[in-house]
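Taking the numbering used here as reference, the numbering of the sequence shown is continuous, increasing by one, and the terminal residue is 622. Glycine included, each C-beta is placed from N, C-alpha and C at the ideal position. Just below is one structure, and these are the notes that go with it.
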Amino acid sequence: MDFEQLSTERPTLSRKDPEQVLHEVFGYETFRPLQGDIIHEVVNGGDALVLMPTGGGKSLCYQVPALVRPGTAVVISPLIALMQDQVAALNELGVRAAFLNSTMDFAQARDTENALMTGELDLLYCAPERLIQPRTIDLLHNASISLFAIDEAHCVSQWGHDFRSDYLELSLLAEQFPGVPRIALTATADERTRKEIAERLSLTSARHFVSGFDRPNIQYRISPKVNANKQLLDFIKAEHDGDCGIVYCLSRNKVDATARMLADKGYTALPYHAGLNATERARNQERFLREDGVIVVATIAFGMGIDKPDVRFVAHLDLPKSLEAYYQETGRAGRDGKPSTAWMVYGLQDVIKLRQMLEASMGNDHFKRVERQKLDAMLGLCEVTSCRRQVLLRYFGDVLEEACGNCDTCLNPPDTWDGTVAVQKALSCVFRTGQRYGVTYLIDVLRGSENERILQFGHDKVSTYGIGTELSVNEWKSVFRQLVANGYLRADPEGYGSLQLTEQCRPLLKGKEPIQLRKDPAPVKSSGRNASGGARAKISEQITDQAGWEALRACRKSLAEQQGVPPYVIFHDTTLFDMLERRPTTLSELAEVNGVGAAKLEKYGEIILQALADLNRN
Ligand code: ADP
Ligand code: ZN
5 MDFEQLSTER
15 PTLSRKDPEQ
25 VLHEVFGYET
35 FRPLQGDIIH
45 EVVNGGDALV
55 LMPTGGGKSL
65 CYQVPALVRP
75 GTAVVISPLI
85 ALMQDQVAAL
95 NELGVRAAFL
105 NSTMDFAQAR
115 DTENALMTGE
125 LDLLYCAPER
135 LIQPRTIDLL
145 HNASISLFAI
155 DEAHCVSQWG
165 HDFRSDYLEL
175 SLLAEQFPGV
185 PRIALTATAD
195 ERTRKEIAER
205 LSLTSARHFV
215 SGFDRPNIQY
225 RISPKVNANK
235 QLLDFIKAEH
245 DGDCGIVYCL
255 SRNKVDATAR
265 MLADKGYTAL
275 PYHAGLNATE
285 RARNQERFLR
295 EDGVIVVATI
305 AFGMGIDKPD
315 VRFVAHLDLP
325 KSLEAYYQET
335 GRAGRDGKPS
345 TAWMVYGLQD
355 VIKLRQMLEA
365 SMGNDHFKRV
375 ERQKLDAMLG
385 LCEVTSCRRQ
395 VLLRYFGDVL
405 EEACGNCDTC
415 LNPPDTWDGT
425 VAVQKALSCV
435 FRTGQRYGVT
445 YLIDVLRGSE
455 NERILQFGHD
465 KVSTYGIGTE
475 LSVNEWKSVF
485 RQLVANGYLR
495 ADPEGYGSLQ
505 LTEQCRPLLK
515 GKEPIQLRKD
525 PAPVKSSGRN
535 ASGGARAKIS
545 EQITDQAGWE
555 ALRACRKSLA
565 EQQGVPPYVI
575 FHDTTLFDML
585 ERRPTTLSEL
595 AEVNGVGAAK
605 LEKYGEIILQ
615 ALADLNRN
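Structure, rendered in structure tokens:
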């Protein structure tokens, strides 16, 4: 096994202070905000509950203490794929890590268990269902455990979207290992969920560390859906040609169709959803991790635990159910801190569909009320005319004092218009036609269309027939979308998309309350230039030596293939970029590059120096 081989090769790391571990093992210069405090707390035996956005650097919060405290750190992680990647990445750094999960055979598991007993492991990753088996607990009692890290801790919350019943049993760690520090980590939890995590995991005396939720490198953009496929293609072509990205759709059929559409246009686009068999899913995920420039088109089934650092865009062709889901999915972009885009199109049909799904879903009234609030918050983000980031962060209890300047509403502020009269016309048209028709029909009536159904039903005789010629079909759609989004109209829960009035719309119907509507900005053809004004250009734009860049990437790729790991496990793009900038000629100069630690220096240092020297010669 990898770690055994490594443990003999590797110069034994004496227990050091956290800063030293950060430099020597991980090759990083400084801790990020909060990392230092959290690590200090855990190293000194305290419990911690950590809330940090995706890409914030949660792993180091337990990996560094694991290397500082004596004994083995046990990391509980719900995702087997993620576990394997993390262990591979740690082994690359010369850290003695291994995992225990259901994918391994008896002999492999026994090897790992032996390594644990003889103190040869710094970290042991374990699936929750495996951990709670009495046999595993016995094993841990007989080993020396430095700490427990509970990753994706929100899985313990029943109201969350990733509930795992095994997580509930993790409270036994507090009873059985009272002296061992525990650190629970999550990227998604509002205050209520945080309290729930603390209670259920018996972490009531743990210190809470809540890091700002902002992901400043992600540009948020939401546009009205006109022709989704074309909009998506234009976006990718103009801004992310050749980049790696994720496209989310709600249904499997749409995933397949979209992946095919992108492939037809020459992109490497792979589908991912629960309808594919496990082998195919694993293969597509693998290609996404290992190849450059792959786009995965997926239902929400894809992505949890994907910690690929260089995902440059996340696109939504359908509206997520909540801001939690939106934030988690968009958060998969730009973990490396480089400019990335969260892009979404949404339209009236999305709103109707989600509202219907919610009303038709099983679940008690309380559950539905919570879900309704969540959907309302999501729609609020879509319709807002001020900074989107401020709305998003406020929802997670974070305050951003000033508008961000890096979302579409900041960059291209939408106009509003006085919609009082239009809204009155729309609502009374719904009323006059008996609250039985969908939006297309209603718009036809408003615009005085002579289509057969209207004549047949006699709706050319109602008082609202033909009173709305001043607005185009798309403008009317925008009016209806905002009425549904803001709860003035609801879609019939039985289906068919017919719209009905709600209690809330009374004052509007009577024209007693003025209403401002959002004017949907005309779809602008993006210029392809970085929209934040070039303040933070893409890596690819900063590269002056294209040939050198390609050569280093090729070198990294062959190392990755030899090691059987994804390229970014060898070195991140940012590290390659730094190498190209600094052009180190000696090992000690190379060690200065951000992201080059002792183990990688030893393993790849000479090869990289050689590649750089070849560049200089050419
Ligand atoms: P999370 O689990 O919070 O989503 P990760 O732990 O995967 O985030 O970290 C995100 C990225 O940031 C990783 O590529 C990691 O190597 C990098 N990183 C974390 N801490 C630091 C640091 N102090 N300096 C430089 N890079 C860091
Ligand atoms: Zn903004």
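- Setting aside the 5 residues that flank it on each side, I136 is surrounded in the same chain by D170, E173, L174, L176, each with a C-beta closer than 8 Å to its C-beta; the list follows chain order.
- A Cβ-Cβ contact shorter than 8 Å links T468 with R436.
- The beta carbon of L493 sits closer than 6 Å to the beta carbons of L487, L503 from its chain, once the five residues preceding and following it are set aside; these are given in chain order.
- Going by C-alpha positions, A153 is about 55 Å away from A430.
- Relative to the ligand ZN, the beta carbon of C559 is positioned no closer than 7 Å to any heavy atom.
- At a Cβ-Cβ threshold of 8 Å, V395 and G384 count as neighbours.
- Around the C-beta of F484, 16 or more other C-beta atoms lie within 10 Å, and the residue is accordingly described as buried.
- By a beta-carbon distance limit of 8 Å, L205 contacts V160. Their separation comes to about 6 Å.
- A distance of 8 Å or more separates the beta carbons of C253 and G297.
- R587 and F575 have their alpha carbons spaced roughly 16 Å apart.
- Within the segment 192-271, the complete alpha helix (DSSP H) runs of at least 4 residues fall at 195-204, 232-243, 256-268.
- In the DSSP assignment, D422 falls within the beta strand (DSSP E) that extends over 420-422.
- Put simply, of A615, Y224, F181, N118 the residue whose alpha carbon is nearest the alpha carbon of A407 is Y224.
- The continuous stretches of alpha helix (DSSP H) do not include P275, which lies in the beta strand (DSSP E) extending over residues 273-276.
- A residue is called buried when at least 16 other Cβ atoms come within 10 angstroms of its Cβ; K465 does not meet this threshold and is exposed.
- In the assembly as shown, P22 is a buried residue. Its beta-carbon has 16 or more other beta-carbons within 10 Å.
- DSSP places Q67 in the helix class (H, G or I) of the three-state scheme.
- Per DSSP, A119 is one residue of the alpha helix (DSSP H) stretching across 110-121.
- According to DSSP, residue pairing for L53 in a beta bridge involves A188, H212.
- S209 sits exposed, since fewer than 16 C-beta atoms from the chains shown fall within 10 Å of its C-beta.
- Of the heavy atoms belonging to the ligand ZN, at least one sits nearer than 7 Å to the Cβ of G409.
- Distance between G31 and D268, taken at the CA atoms: about 42 Å.
- At least 8 Å separates the beta-carbon of V54 from that of L71.
- In the three-state DSSP reduction, I136 falls in the coil class, being neither helix nor strand.
- Beta-bridge annotation (DSSP): W347 is paired with R225, A319.
- Segment contact: the segment 601-613 against the segment 124-131, fewer than three CB-CB distances shorter than 8 Å; contact not assigned.
- The beta carbon of R557 is closer than 7 Å to those of L580 in its chain, skipping five residues each way along the sequence.
- In the DSSP secondary-structure assignment, A495 is bridged to L503.
- L323 sits close to L358, with the two beta carbons spaced by under 8 Å.
- Segment contact: the segment 421-428 against the segment 514-523, three or more CB-CB distances shorter than 8 Å; contact assigned.
- The bridge partners DSSP lists for V434 come to none.
- For Y171, the secondary structure class from DSSP, reduced to helix, strand or coil, is helix.
- Contact check for N288 against P275 passes: the beta carbons are separated by less than 8 Å.
- By the C-beta density criterion, G601 is buried, having at least 16 other C-beta atoms within 10 angstroms.
- Between the alpha carbons of D582 and P518 lies a gap of roughly 56 Å.
- A Cβ-Cβ separation of about 7 Å places A603 in contact with E96 under the 8 Å criterion.
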